[in-house]
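A short worksheet on the structure shown next.
There are 2 protein chains.
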Amino acid sequence: MKYHSAIIGAGSAGLTVAIGLAGLGKQVVVIEKNHVGGDCTNVGCIPSKLLIHLANDAKDLTTSEIFARVRAKRDELRDEEDHWLKSQENIKFIKGEAKFIANDSLNVITETETITIKAENIIIASGSSPIIIPIKGLPIERTLTNENLFDLENLPKHIAIVGAGVIGCEMAFAFNKLGSEVSLIDLAPRILAPLEPEVAELILNRLESLGVKVYTAAKGKFYDQSSNNLVLDSNGNDITLEKVDKVLLAIGRRPNLDLDLEKAGIEYDRRGIPTNKVHETNMENIYAIGDVDYEPSSAFTHSANAQGRRLAQKLAFPYLPIGREPTYPSAVFTSPEVAQVGLTLAKLKQKYHEKLIKTERFELAKTDRAFTQDLKEGFILIHALRLTGRIVSATIVAPNASEMIPILSYAVNNKVSMYKLSDLVFPYPSLSEGMKKAADSFKFATLANLKNELGVYLRYRLAQAKNEELSG
Amino acid sequence: MKYHSAIIGAGSAGLTVAIGLAGLGKQVVVIEKNHVGGDCTNVGCIPSKLLIHLANDAKDLTTSEIFARVRAKRDELRDEEDHWLKSQENIKFIKGEAKFIANDSLNVITETETITIKAENIIIASGSSPIIIPIKGLPIERTLTNENLFDLENLPKHIAIVGAGVIGCEMAFAFNKLGSEVSLIDLAPRILAPLEPEVAELILNRLESLGVKVYTAAKGKFYDQSSNNLVLDSNGNDITLEKVDKVLLAIGRRPNLDLDLEKAGIEYDRRGIPTNKVHETNMENIYAIGDVDYEPSSAFTHSANAQGRRLAQKLAFPYLPIGREPTYPSAVFTSPEVAQVGLTLAKLKQKYHEKLIKTERFELAKTDRAFTQDLKEGFILIHALRLTGRIVSATIVAPNASEMIPILSYAVNNKVSMYKLSDLVFPYPSLSEGMKKAADSFKFATLANLKNELGVYLRYRLAQAKNEELSG
Numbered sequence: 431m432k433y434h435s436a437i438i439g440a441g442s443a444g445l446t447v448a449i450g451l452a453g454l455g456k457q458v459v460v461i462e463k464n465h466v467g468g469d470c471t472n473v474g475c476i477p478s479k480l481l482i483h484l485a486n487d488a489k490d491l492t493t494s495e496i497f498a499r500v501r502a503k504r505d506e507l508r509d510e511e512d513h514w515l516k517s518q519e520n521i522k523f524i525k526g527e528a529k530f531i532a533n534d535s536l537n538v539i540t541e542t543e544t545i546t547i548k549a550e551n552i553i554i555a556s557g558s559s560p561i562i563i564p565i566k567g568l569p570i571e572r573t574l575t576n577e578n579l580f581d582l583e584n585l586p587k588h589i590a591i592v593g594a595g596v597i598g599c600e601m602a603f604a605f606n607k608l609g610s611e612v613s614l615i616d617l618a619p620r621i622l623a624p625l626e627p628e629v630a631e632l633i634l635n636r637l638e639s640l641g642v643k644v645y646t647a648a649k650g651k652f653y654d655q656s657s658n659n660l661v662l663d664s665n666g667n668d669i670t671l672e673k674v675d676k677v678l679l680a681i682g683r684r685p686n687l688d689l690d691l692e693k694a695g696i697e698y699d700r701r702g703i704p705t706n707k708v709h710e711t712n713m714e715n716i717y718a719i720g721d722v723d724y725e726p727s728s729a730f731t732h733s734a735n736a737q738g739r740r741l742a743q744k745l746a747f748p749y750l751p752i753g754r755e756p757t758y759p760s761a762v763f764t765s766p767e768v769a770q771v772g773l774t775l776a777k778l779k780q781k782y783h784e785k786l787i788k789t790e791r792f793e794l795a796k797t798d799r800a801f802t803q804d805l806k807e808g809f810i811l812i813h814a815l816r817l818t819g820r821i822v823s824a825t826i827v828a829p830n831a832s833e834m835i836p837i838l839s840y841a842v843n844n845k846v847s848m849y850k851l852s853d854l855v856f857p858y859p860s861l862s863e864g865m866k867k868a869a870d871s872f873k874f875a876t877l878a879n880l881k882n883e884l885g886v887y888l889r890y891r892l893a894q895a896k897n898e899e900l901s902g
Numbered sequence: 431m432k433y434h435s436a437i438i439g440a441g442s443a444g445l446t447v448a449i450g451l452a453g454l455g456k457q458v459v460v461i462e463k464n465h466v467g468g469d470c471t472n473v474g475c476i477p478s479k480l481l482i483h484l485a486n487d488a489k490d491l492t493t494s495e496i497f498a499r500v501r502a503k504r505d506e507l508r509d510e511e512d513h514w515l516k517s518q519e520n521i522k523f524i525k526g527e528a529k530f531i532a533n534d535s536l537n538v539i540t541e542t543e544t545i546t547i548k549a550e551n552i553i554i555a556s557g558s559s560p561i562i563i564p565i566k567g568l569p570i571e572r573t574l575t576n577e578n579l580f581d582l583e584n585l586p587k588h589i590a591i592v593g594a595g596v597i598g599c600e601m602a603f604a605f606n607k608l609g610s611e612v613s614l615i616d617l618a619p620r621i622l623a624p625l626e627p628e629v630a631e632l633i634l635n636r637l638e639s640l641g642v643k644v645y646t647a648a649k650g651k652f653y654d655q656s657s658n659n660l661v662l663d664s665n666g667n668d669i670t671l672e673k674v675d676k677v678l679l680a681i682g683r684r685p686n687l688d689l690d691l692e693k694a695g696i697e698y699d700r701r702g703i704p705t706n707k708v709h710e711t712n713m714e715n716i717y718a719i720g721d722v723d724y725e726p727s728s729a730f731t732h733s734a735n736a737q738g739r740r741l742a743q744k745l746a747f748p749y750l751p752i753g754r755e756p757t758y759p760s761a762v763f764t765s766p767e768v769a770q771v772g773l774t775l776a777k778l779k780q781k782y783h784e785k786l787i788k789t790e791r792f793e794l795a796k797t798d799r800a801f802t803q804d805l806k807e808g809f810i811l812i813h814a815l816r817l818t819g820r821i822v823s824a825t826i827v828a829p830n831a832s833e834m835i836p837i838l839s840y841a842v843n844n845k846v847s848m849y850k851l852s853d854l855v856f857p858y859p860s861l862s863e864g865m866k867k868a869a870d871s872f873k874f875a876t877l878a879n880l881k882n883e884l885g886v887y888l889r890y891r892l893a894q895a896k897n898e899e900l901s902g
């Protein structure tokens, strides 16, 4: 029997395709090496957000009880997903490791046997794993990654987190709240490198005001097992962190490519598998979505999910057109939260002449909602194209930024302008009103200076159009 | 000297017009009987949201300290607004009571004199006051309205709130949290009459689970000063509430019309002053905005504000077109919050044939964010037109509903469809994802049943178009 589709990986990306295709009557096989639900359910978003929530709200639980609760809730969800998946018609589930043997077939190595599978389409949704750069002297039992972090039974007294990206910063807040001493270390000169510098500045201040020690432009040099000291190298100088009982490595992720891709002729490099606009690899009928895809924009649960939906549609209805891939929002569950959609200003400047970009920043503290909530920090940052006011990217730093970003995500994806945003009425009092104030500021500044704005726009926009013509 | 505009009332509506016009160089006079900032700053949104916030978060303060803090913060904001207004160029501020003497002139009665003012335009933004229906035997010192509520020095042991509308419900949660025994009474058969019945049901359950006693289809009959008992009349039966020390009347608002409107020939009735699409009364160059306007949609700070902006534009740039008045969202700061935009289903059915409306309700508990936050209740309710999927109204019940509604407010005001909403990617995990799930449900149900949906749409939509033609 030849399946309609074989899906490698039962995480957010793979499950979405599987469910979509099975629902349309296609026979699919899903192969998963570890647990159903993938990283998100098992060692990612779900346990980390449970931990963050309980760290903040479960004042009646001990830290050990909190860790146990995180695992219990996580397992509950996992079992539910597992049970649900295995009861689906049209989905065959195999727990095992997939290896390509040709461009339409896989071997699946299970605990007891090797099964050969043939499918018209193969979807690689094998996800990613934490990058591990060993620190000299650091024993394995003191090393954490997201994969064993949630197995902790007791709170570390002092946790060093290597990598001040999204996971590193989220966990720095959570462990600080739980009561650990937290040291946060990054090789880069600033934390949260993929986000706007204004975000990094605010989150850094927040972390430091909570007592987290942050070391940028630094890396782990060695760990002394007799004293439990972790020594960092910061521009050639040693910094000693005393009595570190656990080191969490949150340096980054690498795609899971150990699938004998060569046997199917699939091109890839260490960043992942390149794909075209419909998620197809260089080989016809072989697709890659989610973390294993080359594009960093795919590395969220919601984007993996969105790609899964797109691909299910493409495979089930090959003659229906499939739109441009959207610009995905992202959210960071620090305190306050950060949400972003579109490129940072630095990257926007590679796309548009910098004179074409007009940035509005509005401090949330100036809203009446912040006044009534005693909220002193946070902002809304919007980058728009000059004159036309088209919103091209936005960042929110606020207690519920993840719930506030959808309107700006809609704006970026649907070319909504600052004028249109300025016309929208927001409920009073709300922090979201800050968006309107940012849009008002753009509108009034532009209208007051229309002739000049028009001149600048024509000069740089036309120049750019010409460049695009020459280069394309 | 004849002013460009005379504005009666320095609340949200009046101040917005004043600031807008003054900024454009027009000479305006603002007349205010009480405090700058109007009800919102002084006895409305600001102190009530301060109280709600402090009731929930200021665990280190006594209740008397909380009331004092509310007043101090409120006064801080009032003083700021007051100082700011009085320092504005082009704005003359007069504290006093305005009375029309002709259709272009007012007398302003101040503490020391009566000033006659002439203006090309007169804007009535005099706001509203609480409706007071006296309860037999209830002494004045035990009677509260929003106007003296925030003057409380000590927490009532038992507060009876008459009127289970927005203010009544918000204050029921706040005083319950502060530690009062709370009884909530309404004449109507359900609480929160202007909102969807599903909202009333959830909020009622929440109130009762917190220990608030709710009496619907009931009214205050008499108060016995010797025992401090409040006796209610419920369908002819007496219900005795024991030892009630304060009674908050939150029955509704009446427009402030004591302005000798007849002398200018302005039409009005007890519901307010009717206006046309550009907020003009029956008299040319006399406008009415905010709570004093006839339309209940004007009775929010944000809608008063929006009307102020529209009117400032109309008066400053009379030849520019002014768009249709938007559909305003509303927010209720109960726990959880409620936010709504557009008509309730009951009212939608007066506008569209009920077969044309398709309702999607998504329980937030089914989102992964709710799972990680241990959130058990709340929902997203969207009414859309069948087939086309045009979103016509929506309600959210969630901890931060007021920050989540903007995307749905945009949708209702810009004819965004469920298909479009289904295409939007939301950050994971978020409660807002529930909107996408609601939209997905609509989309899949419609696509699976397209022929039937098309038939129903054509049948009822065409019938309606025909009716509209006949009637209009």
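Chains A and B, in that order, give the protein sequences. Each residue of the first sequence is one higher than the last, beginning at 431 in our numbering. Each residue of the second sequence is one higher than the last, beginning at 431 in our numbering. Yeah, the Cβ is synthetic: ideal placement off N, Cα and C, and Gly gets one too. All figures in this text were calculated on a predicted structure; none of them were measured in a lab.
- Task: Starting from A:Lys-479, find everything on chain B with Cβ-Cβ shorter than 7 Å and list it in chain order.
- Result: Under the 7 Å cutoff, chain B gives Thr-802 and Pro-859.
- Task: Along the beta strand (DSSP E) that carries B:Pro-560, what are the first and last residues, could you check?
- Result: For B:Pro-560, the enclosing beta strand (DSSP E) has its first and last residue at 558-560.
- Query: What does B:Asn-830 touch in chain A if you count any residue whose Cβ is under 7 Å from its own?
  - Reply: Asn-830 and Glu-833
- Query: Does A:Gly-902 come within less than 8 Å of chain B when only Cβ atoms are used?
  - Reply: Note that A:Gly-902 scores a pLDDT of 42, beneath 50, so its modelled location is shaky; the value from the coordinates is reported in the next line. It does not; no Cβ of chain B falls within 8 Å.
- Could you give the DSSP three-state label for B:Gln-743: helix, strand or coil? helix
- Message: If you reduce the DSSP assignment to three classes, tell me which class B:Tyr-698 lands in.
- Response: Judged by DSSP in its simplified three-state form, B:Tyr-698 adopts coil rather than helix or strand.
- Message: Measuring straight from C-alpha to C-alpha, what distance separates A:Asp-487 and B:Lys-673?
- Response: Approximately 36 Å, taken between the alpha carbons.
- Since A:Lys-777 is in the beta strand (DSSP E), which residue starts that stretch and which ends it? Note, A:Lys-777: premise wrong, no beta strand (DSSP E); alpha helix (DSSP H) at 775-781.
- Query: Under the DSSP definition of a beta bridge, which residues are partnered with B:Tyr-645?
  - Reply: B:Ile-615
- Query: From B:Leu-679 to B:Ala-814, what does the alpha carbon distance come to, in whole angstroms?
  - Reply: Roughly 37 Å separates the two Cα atoms.
- Identify, in the order they occur along the chain, each residue of the same chain with its Cβ nearer than 7 Å to the Cβ of A:Arg-739, setting aside the five sequence neighbours on each side. Thr-446 and Gly-450
- Message: Cβ closer than 8 Å: which chain B residues qualify as neighbours of A:Pro-759?
- Response: Val-855, Phe-856 and Pro-857
- Query: With 16 as the cutoff for other CB atoms within 10 Å, does B:Thr-670 come out buried or exposed?
  - Reply: B:Thr-670 counts as exposed, since fewer than 16 other C-beta atoms from the protein chains shown sit within 10 angstroms of its C-beta.
- Task: Could you tell me the distance, in whole angstroms, from the CA atom of A:Ala-878 to the CA atom of B:Gly-453?
- Result: 12 Å
- Query: If you run the structure through DSSP and keep just helix, strand and coil, what is B:Phe-523?
  - Reply: strand
- Pick helix, strand or coil for B:Lys-456, following the three-state DSSP scheme. If DSSP states are grouped into helix, strand and coil, B:Lys-456 belongs with coil.
- Message: Between which two residues does the alpha helix (DSSP H) holding B:Tyr-849 run?
- Response: 848-853
- If you draw a straight line from the alpha carbon of B:Ile-959 to that of A:Phe-801, how long is it in whole angstroms? The first residue shown for chain B is 431 and the last is 902, placing residue 959 of chain B beyond what the model contains.
- Query: What is the C-beta distance between A:Pro-435 and A:Phe-603, in whole angstroms, given that I count them as a contact (C-beta under 8 Å)?
  - Reply: For the sequence presented, residue 435 of chain A should be read as Ser rather than Pro. That pair is no contact at about 40 Å.
- Check each candidate in B:Val-592, B:Arg-508 and B:Asp-581 and name the one with the smallest Cα separation from B:Thr-493. Out of B:Val-592, B:Arg-508 and B:Asp-581, B:Asp-581 has the C-alpha closest to the C-alpha of B:Thr-493.
- Message: Quick check on the DSSP output: what are the complete beta strand (DSSP E) runs of length 3 or more inside the segment 505-591 of chain A, in order along the chain?
- Response: 521-525, 527-532, 535-539, 544-554 and 558-560
- A:Asp-798: contacting residues in chain B (beta-carbon distance under 9 Å): Cys-470, Thr-471, Cys-475, Ile-476, Lys-479, Leu-507 and Thr-731
- Item | Alpha carbon of A:Phe-605 to alpha carbon of A:Leu-614, nearest angstrom | 11 Å
- Does the segment 788-807 of chain A come close enough to the segment 847-861 of chain A that 3 or more CB-CB pairs lie under 8 Å? yes
- With a 10 Å radius around its C-beta and 16 neighbouring C-beta atoms as the bar for buried, classify A:Ile-591 as buried or exposed. Burial call: buried.
- Using the rule of at least 16 other Cβ atoms within 10 Å of the residue's Cβ for burial, across every protein chain shown, is B:Glu-543 buried or exposed? exposed
- Query: According to the Cβ coordinates, are B:Val-458 and B:Ala-440 closer than 8 Å?
  - Reply: no
- Alpha carbon to alpha carbon, what distance is there between A:Thr-757 and A:Ser-728? So the alpha carbons of these two residues sit roughly 10 Å apart.
- Leaving out five residues before and five after B:Phe-709 in sequence, what residues of the same chain have Cβ atoms less than 8 Å from its Cβ? Here the sequence assigns His to residue 709 of chain B, which means Phe is not the residue at that position. Sequence-distant Cβ neighbours of B:His-709 in its own chain, meaning closer than 8 Å and more than five residues away, are Tyr-717, Ala-718, Ile-719, Asp-723, Gln-737, Arg-740, Leu-741 and Lys-744.
- Cβ contact check for the segment 828-839 of chain B and the segment 806-821 of chain A: 3 or more pairs under 8 Å: no
- Task: Counting only the same chain and skipping the five closest in sequence on each side, list residues whose C-beta sits under 8 Å from that of B:Asp-675.
- Result: Arg-572, Pro-586, Lys-587, His-588, Ile-589 and Asn-658
- Message: For B:Asn-843, would you say it is in contact with chain A, using Cβ-to-Cβ distances shorter than 8 Å as the test?
- Response: yes
- Task: List the residues of chain B that A:His-483 touches, going by C-beta distances under 9 Å, in chain order.
- Result: Thr-802, Gln-803 and Asp-804
- For B:Arg-820 versus B:Ser-847, is the C-beta distance shorter than 8 Å? Contact: yes.
- Within chain A, partners of B:Pro-756 - CB distance below 9 Å: Asp-853, Leu-854 and Val-855
- beta-carbon B:Thr-705 near the ligand PLP non-hydrogen atom, thresh 7 Å: The ligand PLP is not part of this structure, which contains no ligands at all.
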